[in-house]
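Those letters in the sequence shown? Residues -32 to -1, 1 to 556, per mature numbering (1 follows the signal peptide of the UniProt record, and there is no 0), in order. Worksheet: one structure, shown below.
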Amino acid sequence: MKLIGKAVGSMMIITASAVYCWGAAPTTPPLAAPPAATAATPSVAPAAAPGPKKIEIELKAPLFSPQFASCPVATVNDEPITVSDLADALASMHDWSKMGAAHGPRDYEALLDRLINIRLFTQEGTTMGLDELPEAKKALDDNARITLWEMLKDEITKDAKADPARVEELYKESAREWKLTSVKLAKEEDAKELAAKVAAGGDFSALVAELVKAGKAEGGGEGGYVKPKALLPEISAVVDTMKVGAVSQVVPIGPAFTLFRLDDIRYPESDAAREAATDQALVFRKNAIIAEQRAVWLKKLVKTNNKLLKKLDLEAPKPGFAKLLKDKRVITRIKGGAPITVGQLTTEIGKKFFHGIDEAIKEKKVNAKIIPVLDGLIQNEVYTAEARQRGLDKSAAYQKAVTEYRRSLMFGLFIQKAVAPDITLTEQEVKDYFDSHLGDYSTPEMMRLSALVFSSNKDAEGAVEKLRKGAEFQWVREHADGQVKADKAGLLTFGETPLVTNKLDEGLRKALAGAKGGDYRLYESPDSYFYLIQVRDVIAPQPTAYEDVREAVAKKLFNEKLTKAVDDWAEKLKQAYKVKVFMADLRQ
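Given below as structure tokens:
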């Protein structure tokens, strides 16, 4: 496949024998004859010569225009890849709006090629019967059901609005800050005596000051505002029950004992906190609507055989759990949905006990699952029945979501079942890969640095000259002129911890390139400070032991082989399947 022309992301040129791009497209668009003339596809007079004649048109289609969304940019065995598919793939990338300036034609070619490969692997996987595997069927069924439920929830809550009172409540809970005065005492008797005096009307601040003066307590100074989550849980729980001005009882914290006074509560304004509170209140409102509707649906659609339910005993020796698995008696009927049988309920309960049902029966744990599991099965069927009644399963959004999930699942299964099993990896291959990529599995070069900072290059060079003549670094630090005070904001500082060389700022890294322990280097920072840097030590890279990284190396090598195998499979399938590409160009 080859894409021609410049690749920038808002306009594409599509060429085809016939193009269906305006409104809804056929599931499998015919590509042999031109469509009837429309405002989007100009009419072309048929050739006078007998027999069909291939006629091509060229469209300039805006990539994100809904009017061209269904237009195919490629087909795989007549299954279309549409403008919408390509636009969705682009939109899922990080900041696709900048792709035009940062990416070239090959990026777009690779993106379309991936979409084609997904179709190829999906179709080949279907031919192999991968969609008939039990795990595939379950995954597809579960996804279809959950997608339908989510669409139903969105449908019934689309007009929901957050309750302003609830927003305010949640906002205050989130934004709230406390101002505390606290005191810590080593002896419990001193703490209890302080609490008793305060309870009798004593002044907390004065009493604490006396204890601090006597060396029996620490603290008592005015504290700042703090959020509840910044405090220890045991303190936060106590403050939450207090009123402003109140003093707590004694709270043990580790080996010490603490009392604190709540001086103030405030709620500083925060747009982010208010937005979060609004979102949370909206979720609460939506959940309430769903619960209300669920109660209505259960009453309207569900009829349970309570007599059968009451006498159902899955722990009884007779008829026994195994026989109940095949019991076809209907325990619940759901209007518009499938009935729930005793056998179905028993099967689902059996899945809850991974370590065997016999032990669970002996421990009398099975019957306790009957009601919650039945409720879950009923909810599944009720949600599905209501969604279908509303026609959500026929909607384009549902069909698209289910189709995209199926493609993703089949793509993964094909790689798992058809591609990955043929990949072999020997111990020698892993060892050879490690040996040839030692740099990737070594500790990085590190340096210990010290620095003097000057306001002029002349003073910095003068200090270097003194060092090269034998002066000690500490002597130069104490006597060199023109140094910037250490408390100046924005200065680089170097402590005792070695620094990873390749993580230093680019300019500093260049200044230190090739340095050895004992060297001195000059570096001018972007804010025009001049650094005299002493390279105290250079710690050379050290290779990691093979045994420590063998698993990571093997995984990386396997993934490289897997990527190549996927590419090889894609090329083979392109030879066996009919692939057509109509997109000729992408441009702004």
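Just so it is clear, CB atoms sit at the ideal spot from N, CA and C, and this is done for glycine as well. It should be emphasised that the depicted structure is a prediction, and the values quoted were computed from it without experimental measurement.
Query raised in the report: Nearest CA to the CA of I86: which residue from N45, K126 and A59?
Result: Closest option to I86, Cα to Cα, is N45.
Report task. Identify, in the order they occur along the chain, each residue of the same chain with its Cβ nearer than 7 Å to the Cβ of S142, setting aside the five sequence neighbours on each side. Result -> For S142, where only same-chain residues beyond five positions count, the Cβ hits under 7 Å are A241, A244 and A245.
Query - Segment contact flag, the region 420 to 432 with the region 448 to 466, C-beta cutoff 8 Å, min 3 pairs - result: yes
Query raised in the report: Hey, how far is the Cα of A168 from the Cα of V218?
Result: V218 has its alpha-carbon roughly 15 Å from the corresponding atom of A168.
Query raised in the report: In terms of residues, what are the limits of the alpha helix (DSSP H) holding A245?
Result: D239 to L269
Query raised in the report: For H323, is the beta carbon positioned less than 8 Å from some heavy atom of the ligand GDP?
Result: The ligand content of the structure shown is nil, which means the ligand GDP is not present either.
Query raised in the report: With a CB to CB cut of under 7 Å and the five nearest residues on each side skipped, what residues in its chain are close to N335?
Result: D281, L282 and E283
Report task. On the DSSP bridge assignment, give the partners of K28 in chain order. Result -> Under the DSSP definition of a beta bridge, K28 partners with I(-20).
Requested in this report: May I have the straight-line CA-CA distance separating P412 from V521, to the nearest angstrom?
Outcome: One Cα belongs to P412, the other to V521, and the distance between them is close to 18 Å.
**Report entry** Under the three-state DSSP convention, the category A284 falls into
**Finding:** When secondary structure is reduced to three states using DSSP, A284 falls in the coil class, being assigned neither helix nor strand.
Query raised in the report: With C-beta atoms as the reference, is T300 less than 9 Å away from I346?
Result: Inclusion of T300 and I346 in the CB contact set at 9 Å is warranted, their separation being smaller than that value.
Query - Other residues of its chain near R229: CB distance less than 6 Å, five sequence neighbours each side excluded - result: T149, F172 and V215.
Requested in this report: Between the Cα of S363 and those of P30, P48, A104 and E123, spot the shortest distance and give me the residue it belongs to.
Outcome: E123
Report task. Assign A69 to one of three DSSP states: helix, strand, or coil. Result -> Residue confidence is low: A69 scores 42 on pLDDT, short of 50, so the model does not pin down where it sits. No coordinate-derived value is stated.
Query raised in the report: Hey, quick one: how far does the beta strand (DSSP E) through S418 stretch, first residue to last?
Result: For S418, the enclosing beta strand (DSSP E) has its first and last residue at M414 to F422.
Query raised in the report: Nearest to K426 by CA position, among L490, A185, T125 and T315, is which residue?
Result: L490
**Report entry** Residues near K542 by beta carbon distance below 6 Å, same chain, minus five either side
**Finding:** none
Query raised in the report: A249 and A130: beta carbons closer than 9 Å?
Result: yes
Query raised in the report: For M210, does the three-state DSSP call read helix, strand or coil?
Result: Residue state, collapsed to three classes: coil.
Query raised in the report: Which of helix, strand or coil does DSSP assign to T9?
Result: A caution first: T9 carries a pLDDT of 37, below 50, which makes its placement in the model too unreliable to give a value.
Query raised in the report: So, helix, strand or coil for G438, using DSSP?
Result: coil
Query raised in the report: On the three-state DSSP scale, how would you describe F322?
Result: coil
Query - Given 8 Å, three or more beta-carbon pairs between the region 382 to 401 and the region 519 to 537 - result: Contact between the region 382 to 401 and the region 519 to 537 is present, because at least three Cβ pairs lie under 8 Å.
Report task. Can you give me the Cβ contacts of W537 inside the same chain, cut-off strictly under 7 Å, excluding the 5 residues immediately before and after it? Result -> Once the five neighbours on either side are set aside, the close Cβ partners of W537 are V387.
**Report entry** Three-pair Cβ contact test at 8 Å for the region 108 to 115 versus the region 371 to 378
**Finding:** yes
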